[in-house]
């Protein structure tokens, strides 16, 4: 068998954690090989070892049949590996071409040959169907294009093996499908791809092989055409996981949130949210669907107080909060799971206990005068870590050490633990594994059944159809449809999302 990459007995221990336990992995040349596992299963550590970012305690790596030893990412790049991280490593004020050739620049004398750099990027983009303008500035590009820039960086350095770490976590469905086309094109050109993901539907759609990690061990190596997503999820979690089934709906109660004619314009006077009027009642989940960039972010920012409305009113629990602060809206009964768990949801330099307390630190249960009550604060943190299965975390751990999925659990735990009557949940299951997704769904349903009103924004249409009572569809800043979730489907939603009619 022609293996492009082999990992033999890879083992890595951290204090109190066996992250990788004698993992064997063989990847065939020209395959798309998926790596799946629950949050904390060891995927990120394994890929960090493969890319030279972390040294293994035991084991060896072979590339193209030759045993190698990586002391840094530069060694891995020299051996023909390239990695696209979840958090992109790009300079926002530079152009695409300048980012792609950084530290591997074509030179004209002592200086960067900008013409040659642009031509190189334009040629690579054309060869692989990446559709990127080499002269565009990074800060002006959507996230799907930024990911293509990262792929171009690897290709410019002649990478034969590409590691894509949760590449679809921040993509719209359309951007995801575009990425799959790129992956297939890369495969046609002979590249080998390691595809780390939580989304089993994506594994079945694009991968040739899949390796399942569980508690630091490789528990299965499967051919995708000979297995199923149900079998993979069972291997990941040790149990059957039911996702996508339509839930039983409860009878809604009184209004908890009302928007009357809310309009939000940007600095150019363009309406990002236009005349939005709707309500959310106690005991129901109202979904919001839309292609990214059609006003969902601005709508949620306005409700939560992160952005001001130009016109209209926002009422929570009957009280007008249109001009109130974020903290005042929390006091009125709002909890918020933000889309961006890194920049908005958590403080990266803070401990887990501090992040679990954030926004609620003024409550009398946690304070004594000007000071925090350390005992109740610690008990609160440890209880939530246990209840929400935040793996790899102690109360005093830094959130920066957590995987993306476990960081998401911290945000969800904090916002749902206070049983606010109104919960705004923006992409709450983005980047988490199937078991954690099922758990978060159960918590959203429990909040609904306890009488909370939930406004759920999700790029996953199946998630909205499974959980919501009603679904609002946004297009170009307007709510263009309000649909009964029980009597619609993804096709009808998709038609409204793109400005058409069913």
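Numbering (the numbering used here), first residue to last: 24 to 525. The beta-carbon is built from N, C-alpha and C at its ideal position, and this holds for glycine as well. These numbers come from a predicted model, not from an experiment.
One thing to note: residue 418 has its Cβ within 8 angstroms of the Cβ of residue 401. Approximately 20 angstroms separates the beta-carbon atoms of residue 422 and residue 460; this is outside 8 angstroms, ruling out the contact. With contact defined as three or more Cβ pairs closer than 8 angstroms, the segment 116 to 132 and the segment 140 to 157 are in contact. Secondary structure remark: continuous alpha helix (DSSP H) runs of at least 4 residues inside the segment 275 to 331, in chain order: 319 to 327.
The three-state secondary structure of residue 381, taken from DSSP, is coil. Rounded to the nearest whole angstrom, the C-alpha separation of residue 324 and residue 139 is 42 angstroms. Within the same chain, 109, 219, 220, 221, 427, 454 come within 8 angstroms of residue 189 by CB-CB distance, once the 5 residues on both sides are set aside. Residue 180 and residue 205 do not touch by the CB rule: their CB atoms are close to 17 angstroms apart, not below 8 angstroms. For residue 246, the enclosing beta strand (DSSP E) begins and ends at 240 to 246. Shown here, residue 93 sits in coil according to DSSP, grouped into three states, outside any helix or strand.
Judged by their CB atoms, residue 308 and residue 445 are not nearer to each other than the 8 angstroms cut-off. Close CB contacts of residue 225 within its chain, under the 7 angstroms cut and outside five residues either way in sequence, are with 191 (chain order). Taken in chain order, the unbroken stretches of beta strand (DSSP E) that lie wholly in the segment 75 to 156 and span 3 residues or more are 81 to 86, 89 to 91, 104 to 107. By the CB criterion at 8 angstroms, residue 295 and residue 268 fall outside the cutoff. Residue pairing for residue 342: DSSP places it in a beta bridge opposite 339. With respect to the C-alpha of residue 78, the residue from 117, 48, 98 having the closest C-alpha is 98.
Residue burial is scored here from C-beta neighbours: residue 54 has at least 16 other C-beta atoms within 10 angstroms and is therefore classed as buried.
Bounds of the beta strand (DSSP E) holding residue 188 are 184 to 188. Its Cα nearest to that of residue 456, the residue 58 stands out among 247, 46, 58, 43. For residue 469, the enclosing alpha helix (DSSP H) begins and ends at 457 to 472. Its chain contains 235, 258 as the residues whose beta carbon lies nearer than 6 angstroms to that of residue 243, once the 5 sequence neighbours on both sides are disregarded; these appear in chain order.
Residue 394 is bridged by DSSP to 391. Inter-residue distance for residue 492 and residue 304 is about 10 angstroms (C-alpha atoms, whole angstroms).
Burial of residue 215 is indicated by the presence of at least 16 other C-beta atoms within 10 angstroms of its C-beta. Sixteen is the threshold: when 16 or more other Cβ atoms of the shown chains lie within 10 Å of the Cβ of residue 119, as they do, the residue is buried. For residue 29, the CB contacts under 6 angstroms within the same chain, skipping 5 residues up- and downstream, are 49, 85 in chain order. Residue pairing for residue 210: DSSP places it in no beta bridge. Within the same chain, and ignoring the five residues on either side of residue 162 in sequence, the residues whose Cβ sits closer than 6 angstroms to its Cβ are 115. With contacts defined as CB atoms closer than 8 angstroms, residue 439 and residue 358 qualify as a contacting pair.
Inter-residue distance for residue 227 and residue 252 is about 7 angstroms (C-alpha atoms, whole angstroms).
Looking only at 458, 330, 443, the smallest Cα-Cα distance to residue 432 is reached by 458.
Spanning the alpha carbons of residue 32 and residue 241 requires a straight line of approximately 10 angstroms.
A residue is called buried once 16 or more other Cβ atoms fall within 10 Å of its Cβ, and residue 349, having fewer, is exposed. In the displayed model, residue 32 falls within a strand according to three-state DSSP. A direct Cα-to-Cα measurement between residue 471 and residue 248 gives close to 39 angstroms.
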